[in-house]
Amino acid sequence: MIKEKEKFMQEALLEAKKAAALGEIPIGCVIVWRGQIIGRGHNLREQTKQTHDHAEMIAIAQANRFLNSWRLEETELYVTLEPCPMCSGAIINARIPKVYYGAPDEKAGTAGTLMNLLTDPRFNHRVKVQKGLLRRECALLLSDFFAKLRKK
Numbered sequence: 001m002i003k004e005k006e007k008f009m010q011e012a013l014l015e016a017k018k019a020a021a022l023g024e025i026p027i028g029c030v031i032v033w034r035g036q037i038i039g040r041g042h043n044l045r046e047q048t049k050q051t052h053d054h055a056e057m058i059a060i061a062q063a064n065r066f067l068n069s070w071r072l073e074e075t076e077l078y079v080t081l082e083p084c085p086m087c088s089g090a091i092i093n094a095r096i097p098k099v100y101y102g103a104p105d106e107k108a109g110t111a112g113t114l115m116n117l118l119t120d121p122r123f124n125h126r127v128k129v130q131k132g133l134l135r136r137e138c139a140l141l142l143s144d145f146f147a148k149l150r151k152k
């Protein structure tokens with residue numbers, strides 16, 4: 001079971017590397033339904049100049065199209081960095097039951113670091129969260145990206 005989850009996080013890391021190759025902050029996401037990836041995304045904000053083009057938002061939209069539904073009730077979301085408030089809101093609204101993330105986000109993380117929107121009992125939907133899946137690999141990708149950026 002752990003190996004399968006790591007496999008999906010590796011796929012999210014591949015998405016993050018696509019973002020890095022474009023000069024985007026390297027964050028990647030995949031959405032899994034019944035053992036298959038039905039949504040993929042990586043950050044594209046700089047490319048599209050769109051605030052909402054986060055990895056999770058792109059993957060959610062692709063999964064919605066695949067299932068032809070706004071509800072993603074039988075899915076799992078894997079993302080390399082802890083979701084921000086916007087992405088956590090989308091996860092809740094999409095009814096995604098499980099989220100796995102790699103690295104915590106000290107500045108914008110809302111899946112346990114700054115707050116936990118995903119498990120807040122005031123919402124009509126709560127999400128099971130597992131943090132730290134391939135944390136070292138996810139954090140290293142981000143720290144390397146920002147180190148190279150500072151050198152420029």
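The numbering of the sequence shown is the UniProt record's numbering, which starts it at 1 and goes up by one.
Note that CB positions come from ideal geometry on N, CA and C, so glycine has one too.
Do you know offhand how far Leu133's Cα is from Lys152's?
Mapped onto the sequence shown, residue 133 falls at position 133. Mapped onto the sequence shown, residue 152 falls at position 152. The alpha-carbon atoms of Leu133 and Lys152 are separated by roughly 31 angstroms.
Flag this pair as yes or no: are the beta carbons of Ala90 and Met57 separated by less than 8 angstroms?
Numbered from its first residue, the sequence shown carries residue 90 at position 90. Numbered from its first residue, the sequence shown carries residue 57 at position 57. In contact: Ala90 and Met57 (Cβ atoms closer than 8 angstroms).
Count the C-beta pairs between the region 61 to 78 and the region 31 to 41 that are closer than 8 angstroms, then say yes if the count reaches three, no if not.
yes
Beta-carbon gap between Gly39 and Phe8 smaller than 8 angstroms
On the sequence shown, residue 39 is found 39 positions in, with the first residue counted as 1. On the sequence shown, residue 8 is found 8 positions in, with the first residue counted as 1. Cβ atoms of Gly39 and Phe8: not closer than 8 angstroms.
Can you tell which of Ala19, Cys84, Thr119, Glu4 has its C-alpha closest to the C-alpha of Pro104?
As a position in the sequence shown, residue 104 is number 104, starting the count at 1. Closest by alpha carbon: Cys84.
Assuming Ala19 and His42 make a contact with CB atoms under 8 angstroms, what is their CB distance in whole Å?
Position 19 of the sequence shown, counting from 1, holds the residue named residue 19. Position 42 of the sequence shown, counting from 1, holds the residue named residue 42. Sure, about 4 angstroms apart at Cβ, within 8 angstroms.
Let's test the definition: count the other Cβ atoms within 10 Å of the Cβ of Thr48 and tell me whether it reaches 16, buried, or not, exposed.
Along the sequence shown, read from residue 1 onward, the residue named residue 48 stands at position 48. With fewer than 16 other Cβ atoms within 10 Å, it is exposed.
Is Glu76 helix, strand or coil by DSSP?
On the sequence shown, residue 76 is found 76 positions in, with the first residue counted as 1. Strand.
Under 8 angstroms, do Leu141 and Ala21 count as touching if we go by C-beta distance?
The count along the sequence shown starts at 1 and reaches residue 141 at position 141. The count along the sequence shown starts at 1 and reaches residue 21 at position 21. Not a contact, by the Cβ cut-off of 8 angstroms.
Which of helix, strand or coil does DSSP assign to Lys17?
On the sequence shown, position 17 is the one that residue 17 refers to. Note: Lys17 maps to helix in three-state DSSP.
Cβ shell of Leu44 (< 8 angstroms), same chain only, five flanking positions each side left out:
Here residue 44 is taken as the residue at index 44 of the sequence shown, counted from 1. Excluding positions up to five away in sequence, the list reads Ala19, Leu22, Glu24, Gln50, Asp53, Ile58.
Between Ala139, Leu72, Arg135, which lies nearest to Glu6 when the distance is taken from Cα to Cα?
The sequence position of residue 6 within the sequence shown is 6, counting from 1. Of the listed residues, the one whose Cα sits closest to Glu6 is Arg135.
From this set, Glu4, Ala94, Gly28, which residue's C-alpha is nearest Cys138's C-alpha?
Along the sequence shown, one-based indexing puts residue 138 at 138. With distances taken between Cα atoms, Cys138 lies closest to Gly28.
Nearest by alpha-carbon distance to Ala55: which of Leu14, Leu118, Arg126, Asp144 is it?
Mapped onto the sequence shown, residue 55 falls at position 55. Taking only the C-alpha atoms, the option nearest Ala55 is Leu14.
Glu92 by DSSP, collapsed to three states: which one?
Counting from one through the sequence shown, the residue named residue 92 turns up at place 92. Correcting the residue type first, residue 92 is Ile in the shown sequence and not Glu. Ile92 falls in the helix class under three-state DSSP.
Sequence-distant residues of the same chain with beta carbon closer than 6 angstroms to Gln10, five excluded per side:
If you number the sequence shown from 1, residue 10 lands on position 10. Apart from sequence neighbours up to five positions away, no residue of its chain approaches Gln10 with a beta-carbon distance below 6 angstroms.
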